[in-house]
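Undergrad:
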Amino acid sequence: MINADTLNHIIELKKRLLSSVLVFGVAFLAIFVFCRPLFDLLTQPILKFLPNSYQIISTQIMTPFTVLMKFSVFLALIIVIPYLLFQLWSFIAPGLYQHEKKIFFPLLLLSTILFYMGGLFAFFVVCPLALNFFYHFAPSDIKVMTDLGAYFGFISNLMLIFAFSFQIPIVIFSLLYFNLISIEQYVQKRPYIIVGCFVIGMLLTPPDVISQILLAVPLLILFELGAWLSKIFKTTKVVAQ
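Letter by letter, the sequence shown follows residues 4 to 244 of the working numbering.
1. Taking the beta strand (DSSP E) that aspartate 150 belongs to, which residues open and close that run?
2. In terms of DSSP beta bridges, what is isoleucine 60 paired with?
3. Buried or exposed, going by whether 16 or more other CB atoms sit within 10 Å of the CB of proline 221?
4. Have a look at aspartate 144 and tyrosine 138 and give me their C-alpha separation to the nearest angstrom.
5. By the 10 Å Cβ neighbour count, where 16 or more other Cβ atoms means buried, how is glycine 156 classified, buried or exposed?
6. If you follow the alpha helix (DSSP H) that phenylalanine 136 is in, where does it begin and where does it stop?
7. In angstroms with no decimal places, state the Cα-to-Cα distance between phenylalanine 136 and methionine 162.
8. Compare the Cα-Cα distances from serine 177 to each of Leu99, Phe107, Leu16, Leu123 and report the closest residue.
9. Quick one: using the 10 Å Cβ neighbour count with 16 as the cut-off for buried, is valine 242 buried or exposed?
10. Quick one: grab the DSSP three-state call for serine 143.
11. Are the region 124-135 and the region 229-236 touching by the rule of at least three beta carbon pairs closer than 8 Å?
12. Residues in the same chain with beta-carbon distance under 8 Å from isoleucine 186, minus the five sequence neighbours each way, listed in chain order, please.
13. Would tyrosine 154 pass as a contact of isoleucine 34 if the rule is Cβ separation under 8 Å?
14. Count the other C-beta atoms from every protein chain shown that fall within 10 angstroms of the C-beta of glutamine 215, then say buried if there are 16 or more, exposed otherwise.
15. When you compare each of Val36, Ile197, Val190, Ala96 to alanine 79 by their alpha carbons, which one comes out closest?
16. Expressed to the nearest angstrom, what Euclidean distance is found between the alpha-carbon atoms of methionine 275 and phenylalanine 169?
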């Protein structure tokens with residue numbers, strides 16, 4: 004039989020899930036009503052880096068509708084992430100010790116901020132550079148016209164990749180703070196990390212030094228941020244003891 008505590012947890016979880024679904028549904032409907040001007044607004048910062056002759060086309064009659072649906076879902080999820088994380092924290096926090104709350108809550112908050120920073124960095128920096136590069140990479144006798152579905156998929160995938168890659172400080176912090184690796188091991192691997200960041204910058208950006216630095220330097224900063232945060236929290240923990 005299910006005891007009273009377990010039943011209460013299940014009921015609370017159900018309420019929080021229903022609340023999250025309701026908030027997402029409201030956000031989705033609100034965005035879908037204004038999805039066309041919102042989509043135009045969000046594409047302008049990227050398209051302005053491309054020639055005026057650049058065109059986005061639709062090769063299938065259903066593509067504009069399906070893309071706007073996907074766009075509404077994508078944007079609604081991005082908007083309600085803080086609320087979803089708040090519900091998650093409110094559910095698990097009562098079961099944590101005070102010292103655990105002092106670690107997990109700042110990590111959760113920082114993870115959310117970094118997620119948005121990664122997406123915005125991809126949208127305003129990486130996407131324009133990448134689209135501009137690929138457009139001018141095509142031979143002069145070929146007219147580049149991107150399909151709407153492929154265009155949205157490229158932008159959304161790149162934003163998600165960078166949003167999750169900006170979780171590097173959280174991963175490094177966790178590895179160091181919970182002694183899964185030592186700071187000495189991290190320092191020994193630092194030269195490989197530096198080379199790896201610049202290799203990633205070389206592969207994912209146009210072949211010029213400025214673009215590579217724009218990607219490699221933030222990645223390096225994220226690695227060092229994770230190590231720096233772990234030192235601060237460990238020092239605070241030692242002082243408190």
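Glycine is no exception: its CB is placed at the ideal position from the N, C-alpha and C atoms. Fair warning: this is a prediction, and the values are worked out from it, not measured in the lab.
TA: Once the coordinates are examined:
1. Here residue 150 refers to the residue found at position 147 when the sequence shown is read from its first residue. Run containing aspartate 150: 148-150, per the beta strand (DSSP E) assignment.
2. Residue mapping note: residue 60 aligns to position 57 of the sequence shown, counting from 1. Asp150.
3. Numbered from its first residue, the sequence shown carries residue 221 at position 218. When all chains shown are included, proline 221 counts as buried.
4. For the purposes of this step, residue 144 is taken as residue 141 along the sequence shown, with counting starting at 1. For the purposes of this step, residue 138 is taken as residue 135 along the sequence shown, with counting starting at 1. The alpha-carbon atoms of aspartate 144 and tyrosine 138 are separated by roughly 12 Å.
5. Start at 1 with the first residue of the sequence shown, and residue 156 comes out as number 153. Residue environment for glycine 156: exposed (fewer than 16 other C-beta atoms within 10 angstroms of its C-beta).
6. In the sequence shown, residue 136 corresponds to position 133, counting from 1. Looking at the DSSP string, the run of the alpha helix (DSSP H) that includes phenylalanine 136 is 130-140.
7. Here residue 136 refers to the residue found at position 133 when the sequence shown is read from its first residue. Here residue 162 refers to the residue found at position 159 when the sequence shown is read from its first residue. Distance between the alpha carbons of phenylalanine 136 and methionine 162: 17 Å.
8. Along the sequence shown, one-based indexing puts residue 177 at 174. Closest option to serine 177, judged by alpha-carbon separation, among Leu99, Phe107, Leu16, Leu123: Phe107.
9. Mapped onto the sequence shown, residue 242 falls at position 239. Bear in mind that the predicted position of valine 242 carries a pLDDT of just 49, short of 50, making it too unreliable to give a figure here.
10. On the sequence shown, position 140 is the one that residue 143 refers to. If DSSP states are grouped into helix, strand and coil, serine 143 belongs with coil.
11. No: the two stretches stay apart, fewer than three of their Cβ pairs being nearer than 8 Å.
12. In the sequence shown, the residue the question calls residue 186 occupies position 183. Cβ within range, chain order: Leu179, Ala230, Ser233, Lys234.
13. For this step, residue 154 is matched to residue 151 along the sequence shown. For this step, residue 34 is matched to residue 31 along the sequence shown. No. Outside cutoff.
14. Counted from its first residue, the sequence shown places residue 215 at position 212. With 16 or more Cβ atoms within 10 Å of its Cβ, glutamine 215 is classed as buried.
15. Counting from 1 along the sequence shown, the entry for residue 79 is found at position 76. When C-alpha distances from alanine 79 are compared across Val36, Ile197, Val190, Ala96, the shortest belongs to Val36.
16. Any property of residue 275 remains undetermined from this structure, which presents the chain solely from 4 to 244.
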